[in-house]
Structure formats: structure tokens, C-alpha cells
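Chains X and R, in that order, give the protein sequences. No gaps in the numbering here: position 68 of the first sequence is 68 in full-length UniProt numbering, and each next residue is one more. No gaps in the numbering here: position 279 of the second sequence is 279 in full-length UniProt numbering, and each next residue is one more. Note that the Cβ used here is the ideal one computed from N, Cα and C, for glycine as well.
Number of protein chains: 2
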Amino acid sequence: MSDGPVLERINRGLPTLRRSERKVADVVLADPHKVVPMTLAELAEAAGVSQPTIVRFANAIGCDGFHDFRIQLAQSVALGIPATQSVIQAQDDTGTTVSKIFDFSITSLDHVRRHLDLAAIDAAVAALAASTHIVFVGLGASGIVAMDAEQKFPLFGVPCSAPVDAHQQFLAASTSGPSTAFVAISNTGRTVSILDTVRVARERGAVVIGITGDRSPLAELSTIPLVVESLDNTDVYTPTISRLAQLVVIDVLATMVLLRRDASALEDIRTMKTRLATMRSGLHHEAVRDPNRPGRP
Amino acid sequence: MSDGPVLERINRGLPTLRRSERKVADVVLADPHKVVPMTLAELAEAAGVSQPTIVRFANAIGCDGFHDFRIQLAQSVALGIPATQSVIQAQDDTGTTVSKIFDFSITSLDHVRRHLDLAAIDAAVAALAASTHIVFVGLGASGIVAMDAEQKFPLFGVPCSAPVDAHQQFLAASTSGPSTAFVAISNTGRTVSILDTVRVARERGAVVIGITGDRSPLAELSTIPLVVESLDNTDVYTPTISRLAQLVVIDVLATMVLLRRDASALEDIRTMKTRLATMRSGLHHEAVRDPNRPGRP
DNA sequence: CGGCGTCTTGTAAGTTTGCTACAGAATCAC
DNA sequence: GTGATTCTGTAGCAAACTTACAAGACGCCG
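Now the structure itself:
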């Protein structure tokens with residue numbers, strides 16, 4: 001009962017609440033922002049119940065008194081209203097829509113952070129740092145993540161590739177070896193071509209890091225499964241959130257691999273960054289080169 | 001003084017604080033998480049000052065009493081410690097590094113949300129909804145964002161393209177017209193080839209939506225400048241955050257354009273999504289097709 | 001349908017917490 | 001070195017939160 005953000009807990013515990021406590025829950029859920037600065041007496045007034053009922057309500061949803069409840073509510077609200085509360089509707093105005101999407105993205109990232117397997121991260125970092133080259137594969141939205149990774153990782157001097165279509169991916173798997181780190185990205189973890197590719201990579205002895213949304217076939221097949229559990233709900237209006245979390249996880253991996261390297265690698269990056277800044281201004285003279293290389297204008 | 005998260009305000013107001021108040025500030029900044037559940041008396045004890053000093057401290061940094069301070073602190077902490085507090089260091093353990101990167105990503109998204117120009121969003125949505133086709137351009141990390149947008153927008157039935165290199169982009173600009181929505185993405189807003197491309201697009205009469213990090217040349221050149229102000233600090237270790245914010249902005253635009261459409265478009269997407277789910281399982285049989293199309297496995 | 005038991009809710013008192021007025025101490029200016 | 005000003009702590013007060021208890025509501029079984 002005491003897991004997760006307060007608002008989620010209220011929703012979950014709704015059926016077990018007494019009638020008056022439920023009135024309190026309704027007031028809180030109706031507009032959490034309004035409740036945050038309220039005093040106990042004010043909330044009692046607003047819900048039409050007595051003050052002790054508020055305290056009992058707070059205890060019922062797993063808080064240690066009203067103080068604790070208010071603090072936890074404030075934190076919940078700061079992270080945005082949970083997804084269940086923020087279904088995007090056609091009649092919402094611009095500000096509301098923007099808020100909902102950002103709130104959802106932020107809440108989701110927070111959720112991923114809390115459910116990340118640190119041991120798996122460590123293992124993945126070790127594998128990546130030990131590899132002589134890295135292959136990133138993904139299709140659709142996950143393909144975007146793979147390309148992003150391909151941009152970020154070569155900074156360490158390790159050759160990277162991110163083959164675009166399933167055939168190229170299969171080929172890359174076929175030519176991989178024990179010193180290859182093979183990073184497969186699939187939110188569903190059930191895309192057949194990715195699974196086939198991963199099987200081949202493992203047969204060739206590559207270390208496979210599987211970034212996926214839950215305990216899926218891909219996770220089973222991977223040497224190091226990395227579950228990035230995002231709150232991808234089924235509402236059509238709600239945009240895909242899994243990419244964001246996957247990108248941040250890539251950031252984490254890249255940063256930690258970098259931290260493993262010595263200061264010289266760091267220096268390389270500094271000089272690279274300054275060179276990039278100067279070349280960027282003259283980019284149009286040599287625009288034919290591989291567009292993925294130039295960096296991040 | 002009363003703008004921004006509390007911790008930032010404390011940092012900013014540090015010089016104007018009295019000596020005892022400063023002791024309080026030190027305690028708070030040293031470990032904000034510890035302070036959140038503290039009572040006024042406890043914090044006074046911890047800082048080695050009297051209780052009224054705490055109250056004066058709270059007022060000094062723009063809070064309305066200790067109550068308000070505690071709530072605001074709780075909210076600040078929920079969004080992660082501000083970037084200034086969380087420089088990633090080599091000796092950090094895995095959990096710390098993960099926390100810092102996620103915190104920073106989340107804080108940054110929150111910052112962007114607060115600084116987004118809603119009028120510009122509205123204008124962009126109107127332009128996108130009115131266009132007959134949409135072109136997304138960006139290089140490097142922004143190129144990734146452009147490709148993501150290309151995956152997302154065709155859902156509405158409007159043809160989209162995201163030319164990959166500078167030449168192709170220039171070509172797309174040259175063939176654009178008044179009914180083209182031209183979305184240029186560049187965090188610096190100073191990449192020369194992008195600026196050249198945008199100039200051409202405008203000459204051809206296209207509506208140019210410029211997504212950029214600050215009031216840059218690109219913003220000046222755009223019909224509708226969309227400033228996505230992320231907290232990209234200069235620390236080498238700190239990963240690029242601008243992509244995330246840009247992706248979320250793309251989500252917002254896509255969602256809002258979709259909301260403008262009628263229910264039929266919605267139905268199209270529902271059926272598309274279910275079809276996608278079934279086809280995904282058999283994808284390897286027809287993997288030669290354009291890998292960007294299949295969706296988001 | 002009515003009485004009894006349990007669960008629920010509000011009243012009231014008690015305790016903690018946060019706030020304010022005031023006075024002493026320190027600091028700075030002259 | 002003295003005076004004025006600013007800062008800091010002591011003490012008391014008001015408000016908020018909590019607990020104990022009793023009245024009321026509800027359901028169950030006779």
C-alpha cells in the first residue's frame with residue numbers, strides 16, 4: 001500500500017476507504033494542486049468532513065499523519081499528475097495539453113528511474129567498455145534510439161554502427177564476434193526480426209544487451225536484459241513515451257562508459273567539441289559528408 | 001527573488017543572507033532530501049540556530065513562512081536536485097550516476113515546460129494542420145528529432161519527409177511552396193547549412209517553424225520561432241538534454257494537430273495500431289520495406 | 001421488524017508545532 | 001570608544017495537528 005506516488009495510492013485504495021474518507025479522496029483527486037497549500041482544517045471544510053477524518057484518511061493511504069501526506073502530495077504534484085488522471089481530451093486548451101504531455105513524460109521518466117535494475121546497468125557498462133565494437137539495432141521508434149546511440153558512443157573511440165533495416169541488422173549480427181557488444185532495442189521485445197537477429201548474434205558469441213519494456217522474449221534471449229519499464233498506456237492520444245526513457249538509459253550507459261575511461265578520452269572530447277563548434281559555422285561547404293558525423297547542431 | 005525552484009533561489013540569495021541564516025542554507029543545500037521531513041525545531045537544531053532564525057530564513061528566500069518553505073522544498077526535491085548541485089563525478093557509484101542523469105533530464109523537461117511559448121505552439125499547430133505536406137530538417141542530434149517527427153506525423157495522412165543530409169535538405173527547401181510546413185530543428189540555431197536552407201524555404205513561401213534553444217539566428221529567420229529553452233550546461237560529462245525536450249515538443253505538436261482532426265482520423269490510427277501489432281510478429285518476411293514505416297516495435 | 005454489535009464519524013481536549021514581540025548581543029560607523 | 005543599527009535568541013502565544021472518547025449509523029441476526 002505504501003508504494004508509488006500518493007495519488008496512485010489513493011486511486012488504488014479507493015475501494016477500501018470509508019464513505020467520509022472517500023469524500024476527502026474525491027476532493028484531493030479533483031484538483032491536487034489546490035489541496036497542496038491547504039491546512040488540515042481547510043481540507044476538512046472543503047470535503048465537508050471533520051478534522052480527524054482527514055487524519056484517518058492520511059493514515060489509510062499509507063501516510064504517517066497529515067504532515068507526511070501533505071509533503072508526499074506536494075512531491076507527487078511536482079512530478080505531474082499520474083497518467084490515469086491526465087487523459088488528453090479534445091476540448092483541452094493549449095496550456096492544458098502541453099502540461100499533460102510534459103507531466104506524463106516527466107512522471108514516466110521518474111517511474112523508469114525507480115524501476116531500473118542497477119546491477120544490469122553495471123553489467124551492460126562493463127560489457128560495453130570491454131568491447132571492440134558496438135552494434136545498435138532497433139526498428140521504428142526504437143530505431144531512432146539506436147541511431148541516437150550511434151551518434152553518442154563513438155566519442156570513446158569505439159567503432160559503432162546502427163544498421164537501419166532488418167536485413168542489414170541480420171548481416172551485422174552474422175559478422176559479429178565475442179568482442180562485439182550487440183545492443184538490441186525493442187519496447188515490446190517481441191519484434192520477430194529483432195529476435196532472429198539477436199539469436200544469430202548470440203550464436204556468434206556476441207554479448208547482447210537487450211533494452212526492452214518488460215520481461216519479454218527479447219529479455220529472455222539477451223545476455224544482459226535491461227528492462228526500461230515505462231508507463232506506456234494504451235490511450236491513442238497519449239504519445240509514445242518509451243523512446244524518452246530509452247534515450248535517457250542510453251545517456252546513462254554512454255556517460256558511465258565514459259567515466260570508466262581515463263582522462264585522455266575526456267580531453268579528446270573537449271577538443272572534439274571545440275572543433276565541432278568552429279566547423280559547424282562552415283558546414284555548408286562540405287555538406288556531402290556523412291550527415292550523422294558532424295555532431296549535434 | 002520568488003522565481004524558480006527553491007534551491008536555486010537559495011543559491012542566488014546566498015550573499016544577501018545573514019550569517020545564521022546562511023548556516024541554515026548550508027544545511028539545506030548539503031542534503032535537501034534530509035531536510036524535507038524535518039520539523040522547524042529539528043532544522044534549527046541541525047543548523048545550530050534558533051527557531052525564529054529558520055522562519056526568517058524562509059521569508060528571506062521568498063517563502064511565506066516555514067510551511068510554505070517545506071512544501072516548496074519537497075516539490076523541488078521531487079524534481080531532482082538542480083543541475084548546479086549534481087555535477088557527475090567519476091567516483092559516483094551507479095545509483096548516484098543514474099539518479100543524477102535522470103534528475104537532470106526531468107528537471108530540464110520541467111524547465112522547458114515552464115518556459116514554453118503557448119502562443120507559438122498554437123501558431124505552429126495551425127500551420128501544420130493547414131499544410132499539405134511537412135518537411136523536417138535537422139543535423140546531428142537534431143536530425144534524430146527530425147526523423148522521429150517524420151515517423152509520428154504521417155499518422156494524420158499528411159505526407160512528411162525528413163531529408164538526412166544538408167544537400168537533400170536544401171533540395172527539399174527549393175521545391176517547397178506556400179502550402180509546405182517546413183520544420184527546422186537546431187539547438188544552437190546557428191548551423192549555417194540549416195540557416196541557408198531555411199532562407200530558401202521562406203523565399204519559396206513555405207511556413208517555417210524553427211525549433212531552437214534560444215533566441216538565435218534561426219529564430220529570427222523563422223515564420224514561427226519555437227524556443228525550447230533547455231538547461232544544456234557545458235559540463236562534458238553531462239549528456240545532451242536538448243533532444244529530449246525537442247522530442248516532447250514534437251509530441252505536443254503531433255498530439256495537438258491530431259486533436260484538430262475529426263474522429264475519423266482517430267479511428268484510422270486505432271486500426272493502424274492493431275494492424276501494426278499483428279504485422280510486427282511477421283515482420284521478418286518482408287523486412288526489405290522502408291524500415292521507418294513499420295511503426296514502433 | 002426490532003434489538004444488538006460493530007463499524008464509522010464527529011466532538012472535545014491535549015500536544016505539538018510554527019509564529020511574533022521583545023530584549024540582549026554583536027557589529028559597524030563615526 | 002561610544003552610539004546607532006542590525007542581528008540573534010528567549011519567551012510567550014496562537015494555530016495546527018493528534019488522540020481519546022462518545023454518539024450515531026449501518027448491518028446482521030433473531
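Pick helix, strand or coil for residue 132 of chain X, following the three-state DSSP scheme.
coil
So, are the CB atoms of residue 135 of chain R and residue 166 of chain R less than 9 Å apart?
Result no, Cβ atoms of residue 135 of chain R and residue 166 of chain R do not sit closer than 9 Å.
Using the Cα positions of residue 221 of chain X and residue 199 of chain X, report the straight-line distance between them to the nearest angstrom.
7 Å
If we ignore side chains and look at the alpha-carbon of each, how far apart do residue 10 of chain R and residue 68 of chain R end up?
14 Å
For residue 184 of chain X, write down the residues that DSSP places opposite it in a beta bridge.
X/137, X/210
Is residue 32 of chain X helix, strand or coil by DSSP?
helix
Where residue 287 of chain X and residue 14 of chain X are concerned, what is the direct C-alpha to C-alpha distance, given to the nearest angstrom?
Caution is warranted here: a pLDDT of 38 is assigned to residue 287 of chain X, below 50, making its placement in the model unreliable, and no coordinate value can be reported.
Run through DSSP, which three-state label would residue 158 of chain X get?
coil
Can you give me the C-alpha to C-alpha distance between residue 23 of chain X and residue 51 of chain X, rounded to a whole angstrom?
Rounded to whole angstroms, residue 23 of chain X to residue 51 of chain X spans 13 Å at the Cα level.
Spell out whether any CB of chain X is found under 9 Å from the CB atom of residue 37 of chain R.
yes
Just list the residues that DSSP pairs residue 224 of chain X with in beta bridges.
X/209
Name the chain R residues that come within less than 8 Å of residue 148 of chain X, Cβ to Cβ?
Those within 8 Å of residue 148 of chain X in chain R are 141, 144, 243.
Under 9 Å between the Cβ atoms of residue 211 of chain R and residue 223 of chain R?
no
Taking buried to mean at least 16 other C-beta atoms within 10 Å of its own C-beta, is residue 146 of chain X buried or exposed?
Note on residue 146 of chain X: 16 or more other CB atoms within 10 angstroms of its CB, so buried under the neighbour-count rule.
Quick one: what does DSSP say residue 164 of chain R is sitting in, helix, strand or coil?
coil
With 9 Å set as the bound, which would you pick, yes or no: does the beta-carbon of residue 95 of chain R sit closer than that to a beta-carbon of chain X?
yes
Please report the distance separating the alpha-carbon of residue 215 of chain X from that of residue 112 of chain X.
Residue 215 of chain X and residue 112 of chain X have their C-alpha atoms spaced approximately 14 Å apart.
Alpha carbon to alpha carbon, how far is residue 49 of chain R from residue 254 of chain R? Give it in angstroms, no decimals.
For residue 254 of chain R and residue 49 of chain R, the distance between alpha carbons rounds to 53 Å.
Residues of chain R with a CB under 8 Å from the CB of residue 151 of chain X: which are they?
140, 141, 144
C-alpha gap between residue 226 of chain X and residue 242 of chain X, whole angstroms
13 Å
Check for me: the alpha helix (DSSP H) holding residue 153 of chain R runs from which residue to which?
Taken as a continuous stretch (DSSP letters only), residue 153 of chain R belongs to no alpha helix (DSSP H), as it is neither H nor E.
Where do the N-terminal and C-terminal ends of the alpha helix (DSSP H) with residue 52 of chain X fall, by residue?
51–60
Quick one, are the C-beta atoms of residue 31 of chain R and residue 47 of chain R less than 9 Å apart?
no
Indicate the three-state DSSP secondary structure (helix, strand or coil) for residue 38 of chain R in the structure shown.
coil
Considering only residues of the same chain and omitting the five flanking positions on each side of residue 6 of chain R, which have a CB-CB separation below 6 Å?
72, 73, 76
Partner residues on chain X for residue 122 of chain R, Cβ-Cβ distance less than 8 Å:
94
At 8 Å on the CB atoms, spell out the chain X contacts of residue 247 of chain R, in chain order.
243, 244, 247
Run through DSSP, which three-state label would residue 114 of chain R get?
helix
What would DSSP say about residue 229 of chain R, mapped onto helix, strand or coil?
Residue state for residue 229 of chain R is assigned as coil, using DSSP reduced to three classes.
Use the C-beta contact count for residue 203 of chain X: other C-beta atoms within 10 angstroms, 16 or more gives buried, fewer gives exposed.
exposed
Going by C-alpha distance, which of R/92, R/249, R/36 is nearest residue 260 of chain X?
R/92
With residue 194 of chain X as the anchor, note down where its alpha helix (DSSP H) starts and where it stops.
192–203
Quick one: residues in its chain with C-beta nearer than 7 Å to the C-beta of residue 148 of chain X, no 5 flanking neighbours on either side, listed in chain order?
247, 250
Hey, is residue 214 of chain R's beta-carbon within less than 9 Å of any beta-carbon in chain X?
Closer than 9 Å: no.
So, with DSSP's three-state summary, where would you put residue 93 of chain R?
coil
Which same chain residues, not among the five before or five after residue 40 of chain R, have their C-beta less than 7 Å away from its C-beta?
51, 54, 66
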